[in-house]
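Here the structure is laid out as structure tokens; the discussion comes afterwards.
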Amino acid sequence: MGVSGTGKTTLATELARRLGWDFQEGDALHPENNIKKMSSGQPLTDEDRRPWLELCHDWLERERNIGHGAVLTCSALKRSYREQLRAGLPVEFVYIKVSPEVLKARMAAREGHFMPPSLLPSQLATLEEPSNDEPVIAVNGEEAAERVVDELVKILGEDAHSFVEVSSGVAPA
Ligand SMILES: Nc1ncnc2c1ncn2[C@@H]1O[C@H](COP(=O)(O)OP(=O)(O)OP(=O)(O)O)[C@@H](O)[C@H]1O
Ligand SMILES: O=C(O)[C@H](O)[C@@H](O)[C@H](O)[C@H](O)CO
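Numbering (the numbering used here), first residue to last: 220 to 392.
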């Protein structure tokens, strides 16, 4: 999770590969209208995001039901969005923190992406940073991606056992 340009896709694809978990690009679940809106420089509203978050939640739920570890990219900017995403599921958020200056530079340098750099201020204004009472691992998204993924593989790889126990409905011993 994190605003546009934090490195969600970069980190999540590599994390899923290293853990052998399924991967879903959250942006691919956006209704067409949401992509059109963002491409034309308009920020999404709560109403725009609701059906998309439902699709994200449903994907996670299907993965839990088949007992797979899974990684989904999703901006998950507000606490209420994160609550919708994890409802009834053993979800751990990875909050990728990157300074506005670095985000601005990354978005300006990126080519062929639907998200215009002009939407960065609204992304930052909408972000409610996760608090300690949420299931979250915060990482420094300005570090080399490989180092961040190494750290996450250690934490989530060790936890994988308990995630699978919860997800398959088998009570831990
Ligand atoms: N740790 C990193 N160090 C340096 N550059 C990075 C790092 N992570 C990602 N990048 C670069 O930053 C840009 C944004 O990364 P990425 O597309 O993974 O972000 P994102 O959060 O998925 O963005 P969006 O939500 O807008 O799709 C890319 O050009 C990527 O190569
Ligand atoms: O909630 C949102 O406003 C959106 O999900 C955005 O964050 C983008 O889809 C994503 O970051 C791609 O740039």
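Where a beta carbon is used, it is the ideal one built from N, C-alpha and C, also for glycine.
Legend entry - Span separating the alpha-carbon of P335 from that of K227: 17 Å
Legend entry - Local conformation of L308 per DSSP, three classes: L308 sits in coil when the DSSP states are folded into three classes, being neither helix nor strand.
Inset, instruction - Apply the 10 Å Cβ neighbour rule to P391 and answer buried if 16 or more other Cβ atoms are within range, or exposed otherwise. - result: The predicted position of P391 is uncertain, since its pLDDT is 37 and thus under 50; no value can be drawn from it.
Inset, instruction - Flag this pair as touching only if the region 280-288 and the region 316-330 have three or more C-beta atom pairs under 8 Å; answer yes or no. - result: no
Inset, instruction - Check whether the Cβ atoms of V222 and L304 lie closer than 8 Å to each other. - result: no
Inset, instruction - Taking all protein chains shown into account, decide if P340 is buried (16 or more other Cβ within 10 angstroms of its Cβ) or exposed. - result: exposed
Legend entry - Classification of S217 by the beta-carbon crowding that lies within 10 angstroms, buried from 16 upward: Beyond the ends of the chain as shown, which are 220 and 392, falls residue 217; an answer cannot be given.
Legend entry - V393 beta carbon near ligand 1 (any heavy atom closer than 7 Å): Residue numbering for the chain in the displayed model covers 220 to 392; residue 393 lies beyond these limits and cannot be assessed.
Inset, instruction - For V290, name the three-state secondary structure that DSSP assigns. - result: Reduced to three states, the DSSP call for V290 is strand.
Inset, instruction - Rounded to whole angstroms, what's the CA-CA distance from V389 to R269? Just pull it up for me. - result: Interpretation of V389 is limited by its pLDDT of 40, a score under 50 that renders its predicted location unreliable; the figure taken from the coordinates is listed afterwards. The alpha-carbon separation between V389 and R269 amounts to approximately 31 Å.
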